[in-house]
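Residue numbers (my numbering): 9 to 134.
No residue lacks a Cβ here, since even glycine has one placed at the ideal position from N, Cα and C.
I have placed the structure first, in the form of structure tokens, so that the comments after it can refer back to it.
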């Protein structure tokens with residue numbers, strides 16, 4: 009696949025990406041998830057970037073309570089499914105909208121990927 013095809017793939021998520029992230033049924037979230045999925049672990053990401061994401065995947069201590077839960081865990085436990093999905097869509101959309109403006113582009117994509125992964129884990133556990 010040449011660079012032009014790879015860039016086009018980033019704009020339009022693959023069928024595999026949409027199926028894998030079944031919670032992304034609407035047009036708002038599917039492109040964001042596809043973009044993150046296609047970037048990390050792809051020819052566009054370096055092993056260092058993939059490694060940096062692996063470190064971010066762990067919950068940061070400063071956000072954890074005494075039981076080791078963070079705000080996402082609490083929301084998943086106490087919000088209705090609709091409320092939780094809305095909160096996750098909003099947060100992921102926030103990172104997508106400011107991409108490259110606050111933090112480095114890769115860091116923003118890593119944050120979106122973390123939220124997408126945590127959302128997926130909640131949905132799979134329902």
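Using the beta-carbon count (16 or more within 10 Å), is residue 92 buried or exposed?
buried
Does the region 114-128 come close enough to the region 92-105 that 3 or more CB-CB pairs lie under 8 Å?
yes
Would you decide whether residue 84 is buried or exposed? Buried here means 16 or more other CB atoms lie within 10 Å of its CB.
buried
Boundaries (first-last residue) of the alpha helix (DSSP H) holding residue 123
113-133
Just the Cα atoms here: how many angstroms apart are residue 71 and residue 80?
10 Å
Reducing DSSP to helix, strand and coil, say where residue 70 ends up.
helix
By Cβ distance below 7 Å, which residues in the same chain neighbour residue 78 in space, the five residues on each side in sequence not counted?
67, 71 and 72
Cβ-based neighbour list, residue 151, same chain, cut-off 8 Å, excluding 5 preceding and 5 following:
Because the chain spans 9 through 134 in this model, residue 151 falls outside it and cannot be assessed.
Alpha carbon to alpha carbon, what distance is there between residue 104 and residue 131?
21 Å
In this structure, how does DSSP classify residue 106 when only helix, strand and coil are distinguished?
coil
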